[in-house]
Amino acid sequence: MMPLRMTPLDSWICRRTGLAPDGEFTRQDLRQYQLERIRQSLAYASRSSSFYRRQLDGCGDFSRIDFNGFASLPFTTPEDLCRDPLEFLCVSHREVARVVTIRTSGTTGMPKRLFFSEADLESTIEFFRHGMSTLVRAGQRVLILMPGELPGSVGDLLVKGLDRLAVKGMVYGPVRDPADAIAEILARRADCLVGIPVQVLSLVRHPQSARIPPGFIHSVLLSTDYVPASLVEDIQRSWGCRVYQHYGMTEMGYGGGVECDAHAGYHLREADLFVEIIDPARGRVMPEGMSGEVVFTTLSRRAMPLIRYRTGDMARFIPGACPCGSPLPRLDKVRGRRTNEVVLAPKIRLDMSMLDEALFAIPEIFDYRAEFLPADGCSRLQLWLHCDVQRLPEAVHRARQALAGVPAVRAAVDRGVLAVGPIRRCTENRFTTGALKRTFIDRRQEEPA
Ligand SMILES: [Zn+2]
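Take 249 as the starting number for the sequence shown in the working numbering and just add one per residue.
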């Protein structure tokens, strides 16, 4: 067996942090570096942003703060960002190179806005350059199924990062017509695809997918959303390629972490981000290995630093060293979102990853939407499937069986607090623009029309 290649983030982070130029560093060295950067970020944010000046007022002397002291500082929430994004801005408007507006599904309906300076975008380009070197080598071609027309958009930064590897990045944009995207893969001789999981699945499960010979595509990077195991297996089997996962969000500067050849968790951008796992109810930092909410602090961000930002994503750190040999920590697969679960009864919670695992294992289904409605004192789960019209009866039948196999659904049905159905075919355009993650639609509290 070939030895695993060490994550390329290892040597990059060594250089960025100035730790052991021979590449030998310990996790302790890394934490010491991060603590120093945390102190600087706290001082910078509380000096330059009106939000943090208020939020961190009276929190003491940041130049000597330790990890315990840091763990007692208040969190920043997505609602804080929605309320007044300008309060977070630490540079003049002239120095803002990119503004990203994200529509949110929250109750306020206020969009989130994020500001990045040229230097902030540059650090993302470097992350993409080093992260992508796991997947591609010089001379190869990458088709990017994400937005990229605007300067500073995710696709644009990815093209710039790939260019530094002598790899050609080609922005296609989000998939709206799978047959057209498949034709482009062939015409542009794409060795690698970067896309949103359900969109890549829509290509793999399309009849035209058979036109792509096995081995034509060498690698696929899936990003921005939860990735069910069945989806990875389907892509690997159909195209005979390696599948890697990326974890990130716009707030992180798009990029957060990427898998290495061991496919055993994400190695993170440790020089730019400090990630904590907290108990979402009490706010305490969890012991290593325990699951909780992902919280991050930016270590190098100029335009809009974020201190202890609550992502809503649930995950854990995997204890021990990675089989690739790097001492860099690994974040385990994100198991769902705190904001993307429904409580069906006390102690019966259903999160979207549970339905994803069950429903994406059905080959007839390309995507789905789950709505929860009120029904005689209990909840009703209504499902909209994206599938070929000819295969609808089979898809509905299998979806019913799959739902019955989800423990939380079964328990709720047995207890009489959940009814399932109807299951119908969705005819709307199913695709998001890439910035929005897929969510449950919970209409149980809405007033009847
Ligand atoms: Zn690794």
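C-beta atoms are modelled at their ideal positions from N, C-alpha and C, and glycine is treated no differently.
The beta-carbon distance between Ala647 and Leu631, rounded to whole angstroms, is 6 Å. This is short enough to meet the 8 Å contact definition. About 6 Å separates the Cβ atoms of Ile350 and Thr498, confirming a contact at the 8 Å cut-off. Here the C-alpha atom of Ser320 lies approximately 24 Å from the C-alpha atom of Leu337. Here Val423 is near Gly443, since their CB atoms are less than 9 Å apart.
For a cut-off of 8 Å, the C-beta gap from Leu383 to Leu405 is around 16 Å, too long to register as a contact. Remark: C-beta atoms of Ser601 and Tyr474 approach each other more closely than 9 Å.
In the DSSP assignment, the residues bridged to Lys416 are Arg389. Phe363 sits in a strand when the DSSP states are folded into three classes. Only residues of its own chain outside the window of five on either side were considered, and among them Pro445, Ser601, Asp604, Glu605, Phe608 and Ala609 have a CB closer than 8 Å to the CB of Pro476, listed in chain order. Within a 10 Å sphere around the beta-carbon of Gly504 sit 16 or more other beta-carbons, which makes this residue buried. Counting only the Cα atoms, Pro359 lies some 10 Å from Glu327.
For Arg578, the shortest C-beta to heavy atom distance toward ligand 1 is below 8 Å.
Annotation: the continuous alpha helix (DSSP H) that includes Leu479 extends over Ala477 to Trp487.
Distance from the C-beta of Thr255 to the nearest heavy atom of ligand 1 is below 8 Å. Annotated as proximal: Asp527 and Glu541, with beta-carbon spacing under 9 Å. Taking every protein chain shown into account, the CB of Met380 has 16 or more other CB atoms within 10 angstroms, so this residue is buried.
In the same chain as Glu619, and ignoring 5 residues on each side of it, the C-beta atoms closer than 7 Å to its own belong to Gln630, Ile689 and Arg691, in chain order. Scanning its chain for C-beta atoms nearer than 7 Å, with the 5 sequence neighbours on each side dropped, one finds around Arg301 the residues Ser294, in chain order.
When DSSP reads this structure, Tyr616 sits in a beta bridge with Leu633.
A direct Cα-to-Cα measurement between Ile483 and Val452 gives close to 6 Å.
The continuous beta strand (DSSP E) containing Asp561 extends over residues Tyr557 to Ala563.
Note on geometry: alpha-carbon atoms of Leu410 and Arg389 lie some 9 Å from one another.
The secondary-structure analysis by DSSP pairs Pro622 across a beta bridge with Ser627. For Asp425, the closest alpha carbon among the candidates Arg412, Leu449 and Cys440 is that of Leu449. Under DSSP, Asp690 takes part in a beta bridge, and its partners are Phe620. Gly568 counts as exposed, since fewer than 16 other beta carbons sit within 10 angstroms of its beta carbon. Measuring C-alpha to C-alpha distances from Gln693 to each of Val591, Ile596, Cys674 and Glu676 identifies Val591 as the nearest. Using a 10 angstroms sphere on the CB of Gln649, the tally of other CB atoms stays under 16, which defines it as exposed. Close CB contacts of Val533 within its chain, under the 6 Å cut and outside five residues either way in sequence, are with Ala319, Glu524 and Ile526 (chain order). Here DSSP, grouped into helix, strand and coil, assigns Gly443 to strand. A distance below 8 Å between beta-carbons, with the five flanking residues on each side excluded, links Met254 to the following residues of its chain, in chain order: Cys508, Cys572, Gly573 and Ser574.
Note that the C-beta distance between Leu640 and Arg586 is not below 9 Å. The closest heavy atom of ligand 1 lies less than 8 Å from the beta carbon of Ser574. The DSSP assignment places 490-495, 505-507, 514-516 and 521-526 as complete runs of the beta strand (DSSP E) inside the stretch 486-526, in order along the chain (cut-off: 3 residues). Here Asp328 carries a helix assignment [DSSP, helix/strand/coil]. Of the other Cβ atoms in all chains shown, fewer than 16 fall within 10 Å of the Cβ of Glu272; this residue is therefore exposed.
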